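Here numbering that gives the first Met the number 0 is used: position 26 in the sequence shown is 25, and no number is missing along the way. Written below as structure tokens is the structure these notes are about.
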Amino acid sequence: MRRLTSRRARAVGLAASIGAAIISLCGDATAADRRELDQAERVLKDTKDAIEKEQKAVVEFGEQAAIHRAELDRLRTEAMTVVEEARAMERLVDELEARLGTLFADEIGLVAALDERAGPRAEVLGAMARLSRTPPRALMLSSQSVVDSSRTVLLLSALSRRLESEAHEINVSLAQLTALRSDIARERLSLEAADQGLADRHKRLETLMADRAALELAATSGRSAAEARIDKLVREARSLEELVAKLARDPIVSAAAETDGSDDRSAESSDSDGRSTDEARQALLDEAARKASAEPRQGAFTMPAQGQLIAHYGTTTAPGVTAKGISIETRPDSPVVAPFSGKIVFAGPFHDYGQLLIIAHGQGYHTLLAGLGRIDSTVGRWVLEGEPVGVMGSVSDSRPQLYLELRHNGRPVNPLPWLATGSSKLSG
Numbered sequence: 000m001r002r003l004t005s006r007r008a009r010a011v012g013l014a015a016s017i018g019a020a021i022i023s024l025c026g027d028a029t030a031a032d033r034r035e036l037d038q039a040e041r042v043l044k045d046t047k048d049a050i051e052k053e054q055k056a057v058v059e060f061g062e063q064a065a066i067h068r069a070e071l072d073r074l075r076t077e078a079m080t081v082v083e084e085a086r087a088m089e090r091l092v093d094e095l096e097a098r099l100g101t102l103f104a105d106e107i108g109l110v111a112a113l114d115e116r117a118g119p120r121a122e123v124l125g126a127m128a129r130l131s132r133t134p135p136r137a138l139m140l141s142s143q144s145v146v147d148s149s150r151t152v153l154l155l156s157a158l159s160r161r162l163e164s165e166a167h168e169i170n171v172s173l174a175q176l177t178a179l180r181s182d183i184a185r186e187r188l189s190l191e192a193a194d195q196g197l198a199d200r201h202k203r204l205e206t207l208m209a210d211r212a213a214l215e216l217a218a219t220s221g222r223s224a225a226e227a228r229i230d231k232l233v234r235e236a237r238s239l240e241e242l243v244a245k246l247a248r249d250p251i252v253s254a255a256a257e258t259d260g261s262d263d264r265s266a267e268s269s270d271s272d273g274r275s276t277d278e279a280r281q282a283l284l285d286e287a288a289r290k291a292s293a294e295p296r297q298g299a300f301t302m303p304a305q306g307q308l309i310a311h312y313g314t315t316t317a318p319g320v321t322a323k324g325i326s327i328e329t330r331p332d333s334p335v336v337a338p339f340s341g342k343i344v345f346a347g348p349f350h351d352y353g354q355l356l357i358i359a360h361g362q363g364y365h366t367l368l369a370g371l372g373r374i375d376s377t378v379g380r381w382v383l384e385g386e387p388v389g390v391m392g393s394v395s396d397s398r399p400q401l402y403l404e405l406r407h408n409g410r411p412v413n414p415l416p417w418l419a420t421g422s423s424k425l426s427g
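Take a look at the structure:
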């Protein structure tokens, strides 16, 4: 009986020990899982706090983007205005230079005419001087006949009248020369002022282009960095939520899992904000695209630069080479504008074309602008008709030339019918 009781006691003790061990093991497992869950939830909370912070940054970027967009619109409008002023100044400078050329030619002609009269006038003056040395009484007492004496008097009278006429003509010519030189001096002052005005507008345009480039960079880089950080954080939040869900489904720690779906909603909100960021950026692009989505049509294109047409479409430029576009001779540093609204698809050096800019206008139309000294636009940017995209270079021995080519579905077409009549007072 005692042995049975002892065995029972030992069995009970063993069972109790096993039970205690099992309880202890279960308790340890539950505690470990709870610690893991707590740690995951803390990481999740930190991640979502970071997401919320980045979401606020995106909102701020959105507000800044609106400010940037307004400023970019202002810069674009001012730049287009400055280009028009620069073109007007270029036309004025060309006119003043042409007038000065005419005045210089007139001055040379007057001086040459005066020089031509100097020879005959000297002969007449010499003859009169010789005749004047013979006193009238000597003429009367000379052996010459009355007829000869009368002829001499008549000759002197004729020479006198001729000299008077010559003197009058010379005085008129000298007055014209004086007025001409006064006009030249005045036109020179006007030309200097016009040149200075043109230089000021070129400088202002360069400043506007630099401001626009810096603003576009600031507007895009900040948003792109913030969006990239948000995408990364959202991906991390999703993976952590999956871990929390797995831990919560564990029967040992299910009682400790108290998720109420708010995390899921936060993640959805984060995802939604990420999508709204993309949509906001796309809205900006869509707005620019909408402004630049007019259908190309003949007579609607603006001349890309002020200047003189020196090579027509279809003319032979070299043996066996036919021009596929037109060439415009411009002033140095002349601004170049987009001939029509569209999207820049290429910008940079290209083989023998030098600095090349290609703008896609839709409906299969592209314009190619080559020969620029500097390009102020980037690939992917939408531009409006008349918006500055670059400037011509400075050539020491001759004027720079801009090459314009229009292509439809890859084939060159004559661009002249597409250019608005008088859009830039193109001559030639």
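Quick reminder that beta carbons are idealized off the backbone N, C-alpha and C, glycines included. Keep in mind the model is a prediction, meaning the values are calculated, not measured.
Among the options, which residue has its Cα nearest to the Cα of residue i?
i, options, result
"LEU113", "GLU35, GLU168 and ASP332", "GLU168"
"ARG373", "GLU384, VAL412, VAL336 and GLN38", "VAL336"
"ASP332", "LEU99, LEU401 and GLY409", "LEU401"
"ALA419", "HIS360, PRO334, GLN297 and ASN408", "GLN297"
"ALA212", "VAL110, GLU191, ASP194 and GLY389", "GLY389"
"ILE107", "ALA304, LEU176, PRO334 and ALA346", "LEU176"
"LEU216", "ASN413, ARG380, GLU40 and GLU35", "ARG380"
"PRO399", "LEU308, ARG75 and THR315", "LEU308"
"VAL92", "PRO295, ALA192, GLY347 and LYS55", "ALA192"
"VAL382", "ALA359, GLU404 and SER397", "ALA359"
"ALA322", "GLU165, ASN413, ASP182 and VAL110", "ASN413"
"GLY341", "PRO387, THR315, ALA49 and SER181", "PRO387"
"GLY353", "LEU71, ARG180 and LEU368", "LEU368"
"LEU403", "LEU415, ASP37 and ARG68", "LEU415"
"LEU109", "LEU179, ARG160, GLN54 and LYS44", "LEU179"
"ALA198", "LYS44, VAL58, ASP72 and ALA87", "ALA87"
"ASP182", "TRP417, ARG98 and ASN170", "ARG98"
"TYR312", "ARG406, LEU173, VAL171 and ILE357", "ARG406"
"ALA184", "GLY100, ALA49 and ALA56", "GLY100"
CB residue i to CB residue j, shorter than 9 Å?
i, j, result
"GLY363", "GLY392", "no"
"ILE327", "SER376", "no"
"GLN305", "GLU89", "yes"
"GLU96", "LEU188", "no"
"PHE349", "VAL378", "no"
"LYS384", "THR301", "Per the sequence shown, residue 384 should be read as Glu rather than Lys. Going by C-beta atoms, GLU384 is nearer than 9 Å to THR301."
"LEU204", "PRO334", "yes"
"PRO411", "GLY324", "yes"
"GLU165", "LEU102", "no"
"LEU214", "VAL81", "no"
"ARG200", "ALA310", "no"
"LEU74", "ASP194", "no"
"GLY196", "PRO295", "no"
"TRP417", "ALA317", "no"
"PRO338", "THR314", "no"
Along the chain, where does the beta strand (DSSP E) that runs through residue i open and close?
i, result
"LYS342", "341-348"
"ARG373", "364-374"
"MET302", "Neither: MET302 is in no beta strand (DSSP E) and is coded neither H nor E."
"ALA419", "Per DSSP, ALA419 belongs to no beta strand (DSSP E) and is neither H nor E."
"GLY389", "387-391"
"GLY361", "354-361"
"VAL335", "334-336"
Look up residue i in the DSSP assignment and give the residues it is bridged to.
i, result
"GLU328", "GLN307 and GLN400"
"VAL82", "BP columns for VAL82 are empty, so no partner."
"THR315", "THR321"
"ARG432", "Any property of residue 432 remains undetermined from this structure, which presents the chain solely from 0 to 427."
"VAL382", "GLY341"
So does residue i have its beta carbon nearer than 8 Å to some heavy atom of the ligand NAD?
i, result
"GLY108", "Ligands displayed in this structure: none; no statement on the ligand NAD is therefore possible."
### Task
Give, in chain order, every unbroken run of the beta strand (DSSP E) that is at least 3 residues long and sits entirely within the region 157-219.
none
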